[in-house]
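My numbering puts the first residue of the sequence shown at 767, with every later residue one more than the last. Note that the Cβ used here is the ideal one computed from N, Cα and C, for glycine as well. Because the structure is a prediction, the values reported are computed rather than measured.
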Amino acid sequence: MSDETLSRPKGQDFEASLDRSDKTVASFEHNQKGLMDHIQKALHGNPTLVPVIVLALSVAVFGVIAGGKFFSAFNLTLIMQQVSIIGLLAAAQSLIVLTAGIDLSVAAIMVLMSVIMGNTAISLGVPTFFALLIGFAGGTAAGFLNGLMVTRLKLPPFIVTLGTWNIFYALNLWLSGAQSIRSQDIDASAAALKFFGEAFKLGSARVTYGSILMIVVFFALWYLLNKTAWGRHVYAIGDDKEAAELAGIRTDRTLVQVYMLAGFICAIAAWSSVGRIGSISPQAFYEGNLQSITAVVIGGISLFGGRGSILGALFGALIVGVFQSGLKLAGVDVLWQVFAVGWLIILAVSIDQWIRKVSA
C-alpha cells in the first residue's frame, strides 16, 4: 500500500468511490398522449365547450329531421320563450351548485313570490311597484333562511332545501287558498305584472321581454362570477371549503350571500312567470326544481362544485328546449321526449366524471 493511501483519512476515499459509482443517467418515462387525452384536457379547461357542441349538434340534427319548420323564426323564438323561466331558475340553481350544494326549493320560492306579488297588488290594492319590491324582498329572505340553516346549523343543503320546499309550498297554498288569479284580474289591477310576457317584432321573429331578461341575468351573473373577487370566492368554496377558509375567505358569509342572491333571482323569475303564463297559479312550475337541475347538469356545471360556467346552464336550458321542440315537430310522443332528456342527464354526468379525471 502506498504512502499516499496510508495518509488519506479513513472514509475519505472519494475518488475511489466515484470510480465505482453507477454512471447511468436518470431518465423519466414519457407517456405519449393520444387524441382523447388532448380532448379531455381541452374540455377540462373549457367546461362550457361540451354544452355548446351538444347544442350545435342538436340544432343541426333536428333541423334535418324536422325540416324548415324547426328553423323558422317563430319556432326559434318560441324555444326561447319556453325556456325563459326554467333558465332563470337554472341561473339561481347554478349559484348553489357551484358551492357544492343543491337547492330543491327554487321553484317553490318562485311560485310563492308570484302569489305574494299578485295578492298584494290585486287583493290588497297595493301599487304594483311596491308589490314587486315586497316580492323581491321575500325571495331574498327565503334564500337567507336557506343559507342561514346551511351555515349555522351545518345541515346539508339537500336536506335544508327539501324541508323549505315543503314549507314554501304549504305557505303558497295557504296564501292563495289554492286559487289562481285570473288574467283578467291582473289586467284590471296590476297589468305591469305581465310586462315580461309582452313581445316586440324583430323581423319575422316575436321576442318576449322575458327572453331578454333571462339573457341579461345570465350575463350579469357571468360578470359577477368571473370578474369580481366575490365570484372567485364562490368557486373556491365549491372546490374546497376548508382550503378557502384557510386562505382567509369568510365562507359562511359568502354562502349566505349566494343563497340570498339565488332567492332574489327566483323572485325575478316569479315576475317573469306571470307574463309567461298570463295568470298566477299556485300549481304552476311544479317540476321546476328538477328542470333547473337538469339544465345545470346538462350545461356542464359539476355537481361536486367549483367547476363550470354559469353560461353553461343557459346552454343546458336551450338544449332541453331544442330537444323538446325538435322531437315534438318530429311527431314524437311527450313520453319519449322525457325519456330522451333522462338520457341526456346521464350522459352529461358521465362526461363530467370523465373530464374530472384530468385533475385526479
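Taking a cut-off of 8 Å for Cβ pairs, the stretch 866-883 and the stretch 931-946 touch, as three or more such pairs fall below it.
Annotation for L854: M980, V983, I1031, I1034, A1035, S1038 place their beta carbon closer than 7 Å to its own, counting only its chain and skipping 5 residues before and after. Where T974 is concerned, the enclosing beta strand (DSSP E) starts and stops at 971-974.
A residue is called buried when at least 16 other Cβ atoms come within 10 angstroms of its Cβ; K993 does not meet this threshold and is exposed.
Spatial neighbours of A1083 in its own chain (CB-CB distance under 6 Å, excluding positions within 5 residues in sequence) are listed in chain order as V849, I852, G853, A856, A1061.
Residue V1022 holds the alpha-carbon nearest to the alpha-carbon of A907 among V1022, W1102, Y1052, I1067. The C-alpha of I978 lies about 32 Å from the C-alpha of A936. For the pair R918 and Q1103, the Cα-to-Cα distance works out to about 41 Å.
Taking C-beta separations shorter than 7 Å and ignoring five residues to either side along the sequence, the partners of T865 in its chain run V1000, I1003, G1004, L1021, V1024, G1071, following chain order.
A direct Cα-to-Cα measurement between N1055 and L968 gives close to 32 Å. Excluding its 5 nearest sequence neighbours in each direction, A832 has C-beta neighbours in its own chain below 6 Å: G1092, L1095, A1096, listed in chain order. Q1049 and S1068 have their C-alpha atoms some 30 Å from each other.
L968 is bridged by DSSP to A971.
Distance from F1081 to T814 at the Cβ level is roughly 7 Å; contact confirmed, criterion being Cβ atoms closer than 8 Å. The C-beta of S889 has fewer than 16 other C-beta atoms within 10 Å across all chains shown, which makes the residue exposed.
Residue range 995-1005 is occupied by the alpha helix (DSSP H) that includes D1005. DSSP links I1046 through a beta bridge to I947. Less than 8 Å divides the Cβ of G1065 from the Cβ of P817. Counting only the Cα atoms, G901 lies some 14 Å from A956.
Residue burial is scored here from C-beta neighbours: I1076 has at least 16 other C-beta atoms within 10 angstroms and is therefore classed as buried. I1121 has its alpha-carbon roughly 7 Å from the corresponding atom of K807.
Taking the Cα positions, S1116 is about 23 Å away from P923.
A971 is positioned such that its CB atom lies closer than 8 Å to that of A839. Check the Cα spacing between A1079 and each of I1111, L1101, A1106, F910: the tightest is with I1111.
Only exposed fits N812, as fewer than 16 other CB atoms lie within 10 angstroms of its CB. For E1053, the three-state secondary structure derived from DSSP is coil.
Per DSSP, A1013 lies in no alpha helix (DSSP H) and is assigned neither H nor E.
Shown here, K920 sits in coil according to DSSP, grouped into three states, outside any helix or strand. Boundaries of the alpha helix (DSSP H) around G1087: 1076-1095.
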